[in-house]
Amino acid sequence: MAFSLCCVRNEIDTCMQRTVKMPAVEAKPDVVPQEAVSAPHDDEGKEDVLMSRNVKLIPITNQTRELQTIIREKNTSRGDFVFYADRLIRMVVEEGLNHFPYTPQTVITPIGAPYEGLRFVKGGCGVSIVRSGEAMEKGLRDCCRSIRIGKILIQSNEDTHEAKVVYAKFPEDIARRRVLLMYPIMSTGNTIIKATKVLLEHGVQPDNIILLNLFCTPKAVRCVTKAFPQLTILTTEIHPVAPNHFGQKYFG
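For what it's worth, UniProt numbering labels the leading residue of the sequence shown as 1, then goes sequentially.
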């Protein structure tokens, strides 16, 4: 038996010596280059709008890029559209919450050891721009179950693109809160400017407003940042063509 084991070991050693070593392949990180965020021949460009410190793109990974692709695909079924849109919305909401204040907190773990962590400071609220903005409410409530959400209904003239406020309802103490303004598609920026003016009329400070957005155009970003440079824009993509079918496809 000992002789047999020695023979087997010798055979294994011989095979190992004859094995051809393959060259190492460097793993590609799961990240899409920043230049891939917008079209390669984008005449309007996004570089200038990203110069503003208050215009922020969420981390662009292959997963994020896939979700954007599915949402833009014309043949995507409504069920798939809603499912993947909700995933992308959740990413934006989670990133938006990172812009809220946190305070140090010490807790005791189940084994009795102290842990130095953080605690979310209450004082935020959401405001959705009806109707497409309501698609983002679920993602916000999934992250903040008890958060208060206001609404703004704005109608735009199809010819002049002039925005008019039809309805607005906010928490009574909104002037003291940080506001997550929810609007998934921003093509011209006129609706956001109008909504921001209404929030300012209710006492909200512009630097306390964070726009949660999925897709926007460079033109819209320039328009909004020029009007309200202190407002923060958080989006997944700046592209000259926005998927304006979003609201209709999401709600059916």
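Just so it is clear, CB atoms sit at the ideal spot from N, CA and C, and this is done for glycine as well.
| query | result |
| --- | --- |
| Given a threshold of 16 other Cβ atoms within 10 Å of its Cβ, counted over all protein chains shown, does Val127 qualify as buried or as exposed? | buried |
| Mind reading off the beta-carbon distance from residue 271 to Tyr102? Whole number of angstroms is fine, and I expect it under 8 Å. | The chain is shown from 1 up to 252; residue 271 falls before or after that span and cannot be answered. |
| Suppose contacts are defined by Cβ-Cβ distances below 8 Å. Is Ile233 in contact with Leu211 by that definition? | yes |
| Let me know if Val92 comes out buried or exposed under the rule of 16 or more other beta-carbons within 10 Å of its beta-carbon. | buried |
| DSSP state of Lys151, grouped into three classes? | strand |
| Can you find the residues in the same chain that come closer than 8 Å, C-beta to C-beta, to Cys15, ignoring five residues on each side of it along the sequence? | Unreliable placement is indicated for Cys15, whose pLDDT of 40 sits below 50; no coordinate value is reported for it. |
| I'd like to check one pair, Ala195 with Ala135: are the Cβ atoms closer than 8 Å? | no |
| Mind checking which residues open and close the alpha helix (DSSP H) that includes Lys164? | Premise fails: Lys164 lies in the beta strand (DSSP E), 163–169, not in any alpha helix (DSSP H). |
| Once DSSP output is grouped into helix, strand and coil, what is the label at Tyr183? | coil |
| Between the stretch 228–245 and the stretch 197–208, are three or more C-beta pairs nearer than 8 Å? | yes |
| Secondary structure at residue 253, three-state DSSP: helix, strand or coil? | The chain is shown only over 1 to 252; residue 253 falls outside these bounds and no answer can be derived. |
| Sort Arg177, Thr64, His202 by Cα distance to Thr100 and report the nearest one. | Correcting the residue type first, residue 100 is Phe in the shown sequence and not Thr. Comparing Cα positions, the closest option is Arg177. |
| On the DSSP bridge list, what partners appear for Val55? | Ile233 |
| Work out the CA separation of Ile58 and Glu95 for me, nearest whole Å. | 7 Å |
| What does DSSP give as the partner residues of Gly117 in its beta bridges? | Gln105 |
| Inspect the beta-carbon positions of Ser146 and Tyr183 and report whether they are closer than 8 Å. | no |
| I'd like the list of long-range same chain contacts for Ile185, defined as Cβ closer than 7 Å, with 5 residues on each side in sequence excluded. | Ser132, Leu214, Phe215, Ala242, Pro243, Asn244, Phe246 |
| Grouping DSSP H, G and I as helix and E and B as strand, with all else coil, what is Arg178? | strand |
| Verify whether the separation of the beta carbon atoms of Cys125 and Ile149 is less than 8 Å. | yes |
| Mapping the DSSP letters down to three states, classify Cys143 as helix, strand or coil. | helix |
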